[in-house]
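Heads up: the structure comes next, in structure tokens.
Numbering (the numbering used here), first residue to last: 1 to 610.
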């Protein structure tokens, strides 16, 4: 009777724990569902550990194909920050598929139109969206490791058998039966066996624990797919059919899989029920036994797992796209694709900037940007590039309108020396430019490229000469190039190949202000020396630098010891009664430097294009 009371007490304790955990889980899920309705589309505030973010590209790494965004372009455009900005996913599958999507511009409309169809459906059916998101939340993550890290290395585990674990578990039966015959011996035997099982468990667990975490994710993935296919979502009929097909192929994997896929497994949740279940696993090795049985089956169904990850990831990516649009308010558009090799943007802005200035442009041939430091050239290049990427990946642009064809997209902007290989900035830069020319040479698809300060890593004379020829090559048929430069000479040398645009600044009350508005024509002002003055450099440095610059503008020669008096004398001799202000000189039609008065009635040959 005492033993029965003890067993009933233990059973009651377990039941209380279970009911408490069920109640807690239901309250947490209810609160989560309320947040999906109320907070949907609010700016994302996720935090990322270094280990987790390093594994974000696992799905992308296994689905490489031609035309994807390469590492140089991804880093140039700050795509990591954009990914974080629009990552409204709740599962590892959705997260990794969203990353893959942003790196995979589509070269045809069918995939993008289906994405638009699914995005629109979930946007107009909040109940169905919430049900899908709830399944994604239950699916969750794999911790700091990607599922693929372990699926790719299953062979290293070799063949695993359950003989020792099963024999140890069977020994509990005679020891429990011995309790009514010889209590001290039975208790001693149970304690010894339990300690032995716990010790051997941790040895086995150390070998397979990461794989158990991944197996638990696979099981949750199958459960999520089962739940999704029971939802009525007409636009996802094809996805549902594929899920059912791959799910049937892995049906045997689901039998008695609770011990591997139990909620909280591997996530260190700390609730009482999970702690209790962890002790059951340690004593009876149930998760290890099930893992060994699943291992052989899973090895033969890697393609099914990969397909399910892609299908689930696509659904959550579509929802993330809608959430991203909601966070933009009315500041987005759906792109329009044409056969014409052009880019037309209306009121486009950078999605990561608050209170961003919007600009419009129509480019049927290359665009050459000039302007002073910090005037907005690089940001404009990134704005156009990001909108082109977003148009062909998530069918969404941060603009009032976008029109263009399907491009392969490259950039050469935020490069740096490669210390690992010992390559200088110039070597890194010319390699980056060469990859663009090589890609355009195959004629497979038009290339859209962005170059910021071409060949800045070498001397002025060779930079201008080489830049002219490279940009001319980037201006040929099949390539649409946006380039920014401080070399005003290029605006004349590339006249006819590129359309000139510029940004300018306003200097007033001892400060420089930028309006970040794109203007037609070449830049007519410079501010580098003026910025030195505003930053508090010694007057002597400013005066001498100004004198040297103005002397070079007037004569085409450098003189390191030129004085202010000599400068004024030279300029008065050339043009009595007037000194040309620094930064207001521009090139004449022959490429020579002239004052504004000589050009004030000449106008410009470029006109606003957007």
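Don't be surprised by glycine CBs; every beta carbon is placed ideally from N, CA and C.
Looking at residue i: is its Cβ nearer than 8 angstroms to the Cβ of residue j?
i, j, result
"residue 49", "residue 146", "no"
"residue 498", "residue 377", "no"
"residue 407", "residue 445", "yes"
"residue 412", "residue 514", "no"
"residue 534", "residue 511", "yes"
"residue 128", "residue 231", "yes"
"residue 529", "residue 545", "yes"
"residue 242", "residue 311", "yes"
"residue 210", "residue 409", "no"
"residue 360", "residue 342", "no"
"residue 157", "residue 253", "no"
"residue 144", "residue 52", "yes"
"residue 448", "residue 468", "no"
"residue 298", "residue 218", "yes"
"residue 170", "residue 186", "no"
"residue 32", "residue 137", "yes"
"residue 322", "residue 552", "no"
"residue 516", "residue 357", "yes"
"residue 426", "residue 458", "yes"
"residue 389", "residue 69", "yes"
"residue 280", "residue 204", "no"
By a C-beta neighbour count over all protein chains shown, 10 Å radius and 16 as the cutoff for buried, is residue i buried or exposed?
i, result
"residue 397", "buried"
"residue 336", "exposed"
"residue 537", "exposed"
"residue 581", "Reliability fails at residue 581, whose pLDDT of 41 lies under 50, so the model's placement of it is uncertain and no value is given."
"residue 443", "exposed"
"residue 161", "exposed"
"residue 615", "Here the chain covers residues 1 to 610 and nothing more, so residue 615 does not appear."
"residue 34", "exposed"
"residue 392", "buried"
"residue 257", "buried"
"residue 523", "buried"
"residue 318", "buried"
"residue 355", "exposed"
"residue 81", "exposed"
"residue 16", "exposed"
"residue 247", "buried"
"residue 268", "With a pLDDT of 46 at residue 268, under the threshold of 50, the modelled position of that residue is not reliable, and no figure is offered here."
"residue 324", "buried"
"residue 349", "buried"
"residue 309", "buried"
"residue 195", "exposed"
"residue 94", "buried"
What is the C-beta distance between residue i and residue j, in whole angstroms, given that I count them as a contact (C-beta under 8 angstroms)?
i, j, result
"residue 328", "residue 485", "That belief does not hold up - the Cβ atoms of residue 328 and residue 485 are roughly 32 angstroms apart, past 8 angstroms."
"residue 372", "residue 526", "5 angstroms"
"residue 77", "residue 305", "So it is not a contact: roughly 32 angstroms between Cβ atoms."
"residue 141", "residue 92", "4 angstroms"
"residue 490", "residue 470", "Residue 490 to residue 470, Cβ: 11 angstroms. No contact."
"residue 46", "residue 75", "So it is not a contact: roughly 20 angstroms between Cβ atoms."
"residue 384", "residue 345", "6 angstroms"
"residue 79", "residue 102", "6 angstroms"
"residue 111", "residue 98", "No, residue 111 and residue 98 are not in contact; Cβ-Cβ is about 15 angstroms, not under 8 angstroms."
"residue 224", "residue 193", "In fact, because the Cβ distance is near 38 angstroms, the residues do not count as touching under 8 angstroms."
"residue 351", "residue 386", "7 angstroms"
"residue 291", "residue 208", "6 angstroms"
"residue 501", "residue 518", "6 angstroms"
"residue 36", "residue 130", "5 angstroms"
"residue 250", "residue 198", "Residue 250 to residue 198, Cβ: 32 angstroms. No contact."
"residue 440", "residue 404", "Not really, about 16 angstroms apart at Cβ, beyond 8 angstroms."
Per DSSP, which residues does residue i bridge with? Please list them.
i, result
"residue 511", "508"
"residue 412", "451"
"residue 337", "404"
"residue 520", "501"
"residue 481", "449"
"residue 495", "498"
"residue 225", "Bridge partners of residue 225: none, in fact."
"residue 239", "None; residue 239 has no bridge partner."
Taking 8 angstroms as the CB-CB cut-off, is residue i touching chain B?
i, result
"residue 464", "The structure shown has no chain B; it contains just one protein chain."
Does at least one heavy atom of the ligand MN sit under 7 angstroms from the Cβ of residue i?
i, result
"residue 333", "No copy of the ligand MN occurs in the structure displayed, which carries no ligand at all."
Entirely enclosed alpha helix (DSSP H) segments - the stretch 109–165, minimum 4 residues
Listed in chain order, the complete alpha helix (DSSP H) runs (minimum 4 residues) inside the stretch 109–165 are 109–124, 126–139, 147–151.
4-residue-minimum alpha helix (DSSP H) runs that sit fully inside the stretch 54–93, ordered along the chain
Entirely contained in the stretch 54–93, the alpha helix (DSSP H) runs reaching 4 residues are, in chain order, 58–61, 71–76, 79–86.
What are the uninterrupted segments assigned as beta strand (DSSP E) that are 3 or more residues long and contained completely in the stretch 297–380, given in chain order?
Runs of the beta strand (DSSP E) inside the stretch 297–380: 343–348, 359–363, 366–371.
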